[in-house]
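In my numbering, the protein residues as written are 25 to 410.
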């Protein structure tokens, strides 16, 4: 007798030729079992899909040469990689440390840009990094995809310049046409061209290997992710500029050497934050492509962000949406912006308490050449959302 038969008496009834008798109760039980099996499979699929390569940014990674012979291969130890990303990992193991650095850079920049918002880009203790809030195709999700892709371009481009990767070196960008003739073009620039191409292959691999029905909600989300990945890469690529250094006796600058240099990543974050504020609401059209929800606006370019779902208000903790809420968050009583107590606390009010603040003060410059400061302690008021 099978475990099912021992558990459900209705399945014990048999005909004279030992065939099971079909009853209404038997049919209902079968439907329940099938439903339970479906839920288990669905939850497993959801857990697998919730994993993300972003988790590389939260876990310290050893460089490939530090793995001893006979140890478990690097790529099999990394969680959050899709099948295509794992194959790229096997081909470019020396890149993985810098992909992790790029993810970490993106996460930190996200948290800086949203530090005064209800949603502050908080990470959670699992391989999804940002939690269930990423299951919603909101403009916040759009920003995380863009800033993470940008982080990978930034990290890989710089690693090329520093000679850390075997498949790339200094930038080979063409000489700008507007560069004065007597200025030298060369140096060792950031290889943003290679960083862009590799980030496109690695980051987009997760989306491109999915096979959803055209026009389905899952297909729309895939298109959204790909668009925002590209927006992040474009930001780093387009903000890279020419840097120059003077040469000559006593700083006469009789000669200049110029090269391609990445913009400071804070500038990239600020640029993408502006794109977040102007992100376009999209839907899937009849042809299975994203189209504007409101056609009065201009279609988004590859540098713009797009989203398909409205954002939660992030006021209250919600396990379903992944919102952490704003209870316990610090707010600014005098501000009328998003960091102000009225907006941050969603009208629930706030508590006031006093705390000691330590900071450097009375700094003096001493010849030569250092600055000496005192440490001052003051009692300040702070406000926390109820």
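Beta carbons are placed, not taken as given, at the ideal position from N, Cα and C, and that holds for glycine. If you're wondering where the values come from, they're calculated on a predicted model, not measured in any experiment.
Rounding to the nearest angstrom, what Cα-Cα distance links residue i and residue j in this structure?
i	j	result
residue 185	residue 176	14 angstroms
residue 129	residue 346	23 angstroms
residue 83	residue 204	46 angstroms
residue 309	residue 258	25 angstroms
residue 372	residue 366	8 angstroms
residue 323	residue 399	54 angstroms
residue 163	residue 211	39 angstroms
residue 114	residue 286	28 angstroms
residue 153	residue 201	44 angstroms
residue 306	residue 330	6 angstroms
residue 65	residue 147	Residue placement at residue 65 is flagged as unreliable, the pLDDT there being 39, under the threshold of 50; the coordinate-derived value follows with that caveat. Taking the straight line from one Cα to the other gives about 26 angstroms.
residue 69	residue 166	Confidence at residue 69 is low in this model, with a pLDDT of 34, below 50, so its placement is unreliable and the value that follows should be read with caution. Looking at the two C-alpha atoms, the distance is approximately 22 angstroms.
residue 379	residue 407	10 angstroms
residue 374	residue 409	4 angstroms
residue 370	residue 145	18 angstroms
residue 277	residue 208	12 angstroms
residue 304	residue 403	45 angstroms
residue 363	residue 77	31 angstroms
residue 284	residue 405	47 angstroms
residue 293	residue 394	33 angstroms
residue 343	residue 155	10 angstroms
residue 316	residue 298	19 angstroms
residue 281	residue 213	11 angstroms
residue 312	residue 216	32 angstroms
residue 157	residue 219	29 angstroms
residue 388	residue 360	36 angstroms
residue 123	residue 325	26 angstroms
How would you label residue i, buried or exposed, when you count the other beta carbons within 10 angstroms and need 16 or more for buried?
i	result
residue 295	buried
residue 289	buried
residue 391	exposed
residue 198	exposed
residue 178	buried
residue 256	buried
residue 233	exposed
residue 168	buried
residue 138	buried
residue 254	buried
residue 396	exposed
residue 98	buried
residue 401	exposed
residue 238	exposed
List the residues that DSSP assigns as beta-bridge partners of residue i.
i	result
residue 267	283
residue 136	Note: residue 136 sits in no beta bridge, so no partner.
residue 307	315
residue 402	381
residue 396	388
residue 407	355, 376
residue 208	281
I want to see whether chain C comes within less than 8 angstroms of residue i, judged by CB atoms only; does it?
i	result
residue 163	Among the protein chains of the structure shown there is no chain C, as only one such chain exists.
- Ordered list of alpha helix (DSSP H) runs contained in the stretch 363–387, each at least 4 residues: 365–368, all fully within the stretch 363–387.
- Task: Determine contact between the stretch 329–336 and the stretch 350–357, defined as no fewer than three beta-carbon pairs at a distance below 8 angstroms.
- Result: These segments do not touch.
- Query: Does the pairing of the stretch 186–203 with the stretch 105–125 give three or more beta-carbon distances under 8 angstroms?
  - Reply: Yes, they touch.
- Contact between the stretch 98–117 and the stretch 265–281: three or more CB pairs below 8 angstroms? The stretch 98–117, when compared against the stretch 265–281, does not touch it at the 8 angstroms Cβ threshold.
- Query: Are there three or more Cβ pairs, one per stretch, closer than 8 angstroms when the stretch 238–253 is compared with the stretch 125–139?
  - Reply: In short, these stretches do not touch, since the Cβ pair count stays below three.
- Message: At 4 residues or longer, what runs of the alpha helix (DSSP H) sit wholly inside the stretch 210–240?
- Response: The qualifying runs are 216–232.
- Of all the alpha helix (DSSP H) runs that stay within the bounds of the stretch 325–368, which reach a length of 4 or more residues? Taking only runs of at least 4 residues, the alpha helix (DSSP H) segments lying wholly in the stretch 325–368 are 365–368.
- Spell out a yes or no on whether the stretch 214–232 and the stretch 247–261 are touching, meaning 3 or more CB-CB pairs, one atom from each, closer than 8 angstroms. Cβ pair count under 8 angstroms is three or more, so yes.
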